[in-house]
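Novice: First the structure, which I've put down as structure tokens, then a few questions once you've had a look.
Residue numbers (my numbering): 11 to 244.
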């Protein structure tokens, strides 16, 4: 939901798909996506895992539009993608050594970290309870957009309860003209969600195993896979 004249614009807006395999189309798409995001509108982008639905992380109205497009409540806050390692220093309360070890090992890539966010941040990602989930994707289109716009609130490009999109066409089938720009990077290379590691307490724990295995995370942290496994798996 967008306030003011944006509401009228949304009623008549028609989304545009850009083929990122074509260099001219990719450049035009990135320009259009940058403009859309900076204007509080939504973009679908390819990542190294699945297609993502993106909004400016610091635009609370845009994040609300993202949640509405997914038919998702505030009780499921939106993760944030970043374009470089250094970006997280301004987003988190403190970066623990364990976080830096995992970042060095798996970023950019399919590992998401749940950490305590910096209390001064002026964003509203949902009911985060003071935490934020961060990831740096391993995809050239996503990284170029992130470096141009800054941190993006990004969730899987699908309606909640429906299969996540592995192509821009699948995303458009579900989200339609609620999204202004679709960046088509071809089929998702892995089509597997990221692994989520919770670092908000003294003991790291894996909330979801995905693109990075529990064994890989355990090796980097010097822990046993059993101690990291989700509770349901123990």
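Glycine included, every Cβ here is placed at the ideal spot set by N, Cα and C. Bear in mind that the values here come from a model prediction, so they are computed numbers and not experimental data.
Measure from the alpha carbon of residue 124 to the alpha carbon of each residue in 205, 199, 160, then state which is nearest.
Specialist: For this step, residue 124 is matched to residue 114 along the chain shown. Cα-wise, what sits closest to residue 124 is 205.
Novice: With H, G and I counted as helix, E and B as strand and the rest as coil, what does DSSP make of residue 27?
Specialist: As a position in the chain shown, residue 27 is number 17, starting the count at 1. Residue 27 falls in the strand class under three-state DSSP.
Novice: Round the Cβ separation of residue 63 and residue 167 to the nearest angstrom and send it over; I've been treating them as touching at under 8 Å.
Specialist: Taking the chain shown and counting its residues from 1, the one referred to as residue 63 is at position 53. Taking the chain shown and counting its residues from 1, the one referred to as residue 167 is at position 157. At roughly 4 Å, the Cβ-Cβ gap stays under 8 Å, so residue 63 and residue 167 are in contact.
Novice: For residue 148 versus residue 155, is the C-beta distance shorter than 9 Å?
Specialist: Within the chain shown, the letter at position 138 stands for residue 148. Within the chain shown, the letter at position 145 stands for residue 155. Cβ distance not < 9 Å, so residue 148 and residue 155 don't count as in contact.
Novice: At what residues does the alpha helix (DSSP H) containing residue 73 begin and finish?
Specialist: In the chain shown, counting from the first residue as 1, residue 73 sits at position 63. Following the DSSP letters along the chain, one finds residue 73 inside the alpha helix (DSSP H) bounded by residues 70-80.
Novice: Using DSSP bridges, identify the partner residues of residue 162.
Specialist: Indexing the chain shown from 1 puts residue 162 at position 152. DSSP output for residue 162 lists 66, 91 as bridge partner(s).
Novice: Fully enclosed by the region 97-132, which alpha helix (DSSP H) runs are 4 residues long or longer?
Specialist: 107-116
Novice: Which whole-angstrom value is the C-beta distance of residue 66 and residue 159, which I expect to be below 8 Å?
Specialist: For the purposes of this step, residue 66 is taken as residue 56 along the chain shown, with counting starting at 1. For the purposes of this step, residue 159 is taken as residue 149 along the chain shown, with counting starting at 1. That pair is a contact at about 7 Å.
Novice: Assign residue 120 to buried or exposed, taking buried as 16 or more other Cβ atoms, counted over all protein chains shown, within 10 Å of its Cβ.
Specialist: Working through the chain shown from its first residue, we reach residue 120 at position 110. Buried, by the Cβ-count rule.
Novice: Where residue 203 and residue 138 are concerned, what is the direct C-alpha to C-alpha distance, given to the nearest angstrom?
Specialist: Here residue 203 is taken as the residue at index 193 of the chain shown, counted from 1. Here residue 138 is taken as the residue at index 128 of the chain shown, counted from 1. Taking the straight line from one Cα to the other gives about 20 Å.
Novice: Leaving out five residues on either side along the sequence, give the residues of the same chain with a beta carbon under 7 Å from the beta carbon of residue 215.
Specialist: For this step, residue 215 is matched to residue 205 along the chain shown. Result list for residue 215: 208, 238, in chain order.
Novice: Hey, out of 76, 82, 80, 140, whose CA is closest to residue 104's CA?
Specialist: The residue labelled residue 104 in the question sits at position 94 within the chain shown. Checked all of 76, 82, 80, 140; the closest Cα to residue 104 is 140.
Novice: Going by DSSP in three states, residue 151 sits in which element: helix, strand or coil?
Specialist: Taking the chain shown and counting its residues from 1, the one referred to as residue 151 is at position 141. Three-state DSSP puts residue 151 in a helix.
Novice: Taking residue 59 as the reference, give the member of 122, 45, 129, 229 with the closest Cα.
Specialist: The sequence position of residue 59 within the chain shown is 49, counting from 1. Taking only the C-alpha atoms, the option nearest residue 59 is 122.
Novice: Can you tell me the Cβ-Cβ gap for residue 36 and residue 189, rounded? I've got them flagged as a contact below 8 Å.
Specialist: Along the chain shown, read from residue 1 onward, the residue named residue 36 stands at position 26. Along the chain shown, read from residue 1 onward, the residue named residue 189 stands at position 179. Not a contact, Cβ separation roughly 18 Å.
Novice: Counting C-beta neighbours from all protein chains within 10 Å, is the total for residue 24 16 or more, i.e. buried, or is it exposed?
Specialist: Within the chain shown, residue 24 is the residue found at index 14, counting from 1. It counts as exposed.
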